[in-house]
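Using the numbering used here, read the sequence shown as starting at 810 and increasing by one per residue. Working notes, structure below.
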Amino acid sequence: MKKQAKQFNSVLLEDAQKLLDGVVYKYKRGETDILEVLIAQRTYNEIMEQYIETLKGFRSSLIELERACGCSL
810 MKKQAKQFNS
820 VLLEDAQKLL
830 DGVVYKYKRG
840 ETDILEVLIA
850 QRTYNEIMEQ
860 YIETLKGFRS
870 SLIELERACG
880 CSL
């Protein structure tokens, strides 16, 4: 889970943000329509949601591990 969270943080979120920024830039210049912006925003939101769920799973696993060993990691 920790590895998945790092992958989201380092690659997927950055790429999704860059894509969204690029589409917004093109929209402001009149090179694309609002539909493309909405699709890019939805994609970014979905990736962010997956990242948050991955973090949630990681934290839950860590808490379970701490409880099982009776220690604080």
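All C-beta atoms, glycine included, are put in the ideal place defined by N, C-alpha and C.
Its chain contains A825, L828 and L829 as the residues whose beta carbon lies nearer than 8 Å to that of T852, once the 5 sequence neighbours on both sides are disregarded; these appear in chain order. By the neighbour-count definition (other C-beta atoms within 10 Å, threshold 16), V820 is an exposed residue. Assignment of C878 by DSSP, reduced to helix, strand and coil, places it in the helix class. Within the same chain, V846 come within 6 Å of Y836 by CB-CB distance, once the 5 residues on both sides are set aside.
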